[in-house]
Amino acid sequence: MSTTIAYAELVGLLEKIFLRHGTDRVVASILAENCAMCERDGAYSHGIFRMPGYVASLNTGWVDGRATPEVEDVAPSFCRVDARNGFAQAALARGRDLAISKSRQAGISVLAIRNSHHLSALWPDIEPFAREGLIAISAVNSFACTVPFDGKSAVFGTNPFAFAAPVENSEPMVFDLATSAMANGDVQIAARKGHTLPPDSGVDGDGKPTNDPRAVLDGGALLTFGGYKGSSISMMVELLGAALTGGHFSFEFDWSGHQGAQTPHTGQLIILIDPSYGAGEAFDRRAHGLITAMQAAGVSRLPGQRRAEIRAQTAQNGIPITEEDLASLRTLAIA
Ligand code: NDP
1 MSTTIAYAEL VGLLEKIFLR HGTDRVVASI LAENCAMCER DGAYSHGIFR MPGYVASLNT
61 GWVDGRATPE VEDVAPSFCR VDARNGFAQA ALARGRDLAI SKSRQAGISV LAIRNSHHLS
121 ALWPDIEPFA REGLIAISAV NSFACTVPFD GKSAVFGTNP FAFAAPVENS EPMVFDLATS
181 AMANGDVQIA ARKGHTLPPD SGVDGDGKPT NDPRAVLDGG ALLTFGGYKG SSISMMVELL
241 GAALTGGHFS FEFDWSGHQG AQTPHTGQLI ILIDPSYGAG EAFDRRAHGL ITAMQAAGVS
301 RLPGQRRAEI RAQTAQNGIP ITEEDLASLR TLAIA
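What follows is the structure, given as structure tokens:
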């Protein structure tokens, strides 16, 4: 049976779960907002479905929900954050203001987060920058579950890459995509629902193509999207998210002693560009012109449009949730 929950109520419930399982108030608030936003916008692979994974990561001591991130101002356009084995979003919150002021002064800034865990979508991290007039790019690597093109075993994570930019008189333009054929969360959801995967999504434990999500999860692996092209982008995400930040590569960490933990211990890179330093007309006006041209060419769905539409619906009608899921969340908040 399905019901609905108001956004604020969902945030409050998720906050209780995070607090109950050992985060401090700041982290609980940041993660609860993040997870509720995903559910609110129909980004289900990173919504409430992830809560047991967060809890397992916290309960097994894999992640420190009370870590105090340390911000280092290392160059006029470069800051680093050591998340101290905490969540990347809390580290981003700490380094955010410095990164913004550097991008305004230098035209560009890099925020390199290491020693961090990220189990969510990237758009909640970068969309707010575009609302402040900045272009934002982010890369996060994850855990080895994706085979590089022409390879035989998983090296890369599902490695999302996201971009956000301001658009005149419009919502920011945001795309946010896994560089694997699909997000691991969607494979888990398909397995739970008994669905098959689209062709060319993954391989089984013998390296043979399969559309069975269980075979992918149980010893198999995902493929990158777009063959060698997606594989190169995924490799770039490893280099930016891990090699540049000082985080682990997706194949480098061992969480086998933390049964059920789901938060990859890696890094996150954010690049901010102040478009007012660019030549020519204002960027956001040009962005509007491009989108208008795309729509004139027949494009009916822009990246982020589905989320924006679901956000508008849920603002009016509440966030749909099954009674079963709601009961599970309430149990997690006290168990
Ligand atoms: P999708 O393939 O569903 O969507 C990718 C992007 O393309 C979105 O911006 C989406 O917009 C847009 N899009 C989708 N379909 C169309 C279309 N027909 N026309 C135009 N635009 C379209 O996302 P993924 O499954 O690749 O990734 C899902 C999420 O998983 C991402 O948010 C990603 O950050 C997250 N992730 C996180 C990881 C982590 O370790 N933290 C690892 C891997 C993934 P819209 O949102 O409006 O549908």
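Going by full-length UniProt numbering, the sequence shown opens with residue 1, and the numbers climb by one from there. Glycine included, C-beta positions come from ideal geometry on N, C-alpha and C. Only a predicted model underlies this, so the values are computations on that prediction, with no experimental measurement involved.
Whole-angstrom distance between residue j and residue i, CA atom to CA atom
i	j	result
S109	C79	8 Å
M182	F156	13 Å
P76	K102	7 Å
D125	Q89	7 Å
R311	T3	17 Å
G202	C145	10 Å
M1	L329	15 Å
T266	D254	11 Å
P148	N317	43 Å
A335	A215	32 Å
T23	Q268	20 Å
Y228	S45	25 Å
E324	G53	17 Å
D218	Q295	42 Å
R131	M173	10 Å
S247	R94	The question names Ser, but residue 247 is Gly in the sequence shown. Those two C-alpha atoms are separated by around 17 Å.
L197	L222	11 Å
R301	G289	16 Å
S153	G207	8 Å
A243	L111	14 Å
Other residues of its chain near residue i: CB distance less than 7 Å, five sequence neighbours each side excluded
i	result
A91	P69, V81, A83, I113, S116
D73	C79, L98
A315	none
F161	A139, L177, T179, I233, V237
Q47	The sequence given here has Gly at residue 47, not Gln. Answer for G47: C35, C38, E39, listed in chain order.
F49	G185, I189
S142	G157, T158, N159, S250, P264, T266
P199	N211
R307	D41, G42, A43
I5	G318, I319, I321, L326
L10	A36, E39, I319
G220	G202, V203, D204, G205, T210
Any chain D beta carbon closer than 8 Å to residue i
i	result
T224	Here there is only one protein chain, and chain D is not present.
Sequence-distant residues of the same chain with beta carbon closer than 6 Å to residue i, five excluded per side
i	result
G133	P166
I137	F163, I271
S234	F156, N159, T179, T224
S231	P148, F149, T224
L58	H21, G22, G65
Enclosing beta strand (DSSP E) for residue i [first to last residue]
i	result
V110	108-117
L269	265-273
F129	F129 -> not in any beta strand (DSSP E); alpha helix (DSSP H) instead, spanning 123-131.
C79	78-87
I334	Element bounds for I334: not the beta strand (DSSP E) but the alpha helix (DSSP H), 323-334.
Alpha helix (DSSP H) segment containing residue i, residue limits
i	result
N317	305-317
T292	283-296
G185	184-193
A8	7-20
S231	227-238
M37	25-40
M51	51-59
Close beta carbons around residue i, own chain, < 8 Å, minus the five adjacent residues each side
i	result
V55	I17, H21, L332
R104	D274
G12	A32
Practice task
Decide yes or no for the touch test of the region 269-283 against the region 163-172: beta carbon pairs closer than 8 Å, at least 3 of them.
Solution key: Judged by pairs of C-beta atoms under 8 Å, the region 269-283 touches the region 163-172, as three or more such pairs exist.
Handout entry: Three-pair Cβ contact test at 8 Å for the region 69-83 versus the region 121-141
Key = no
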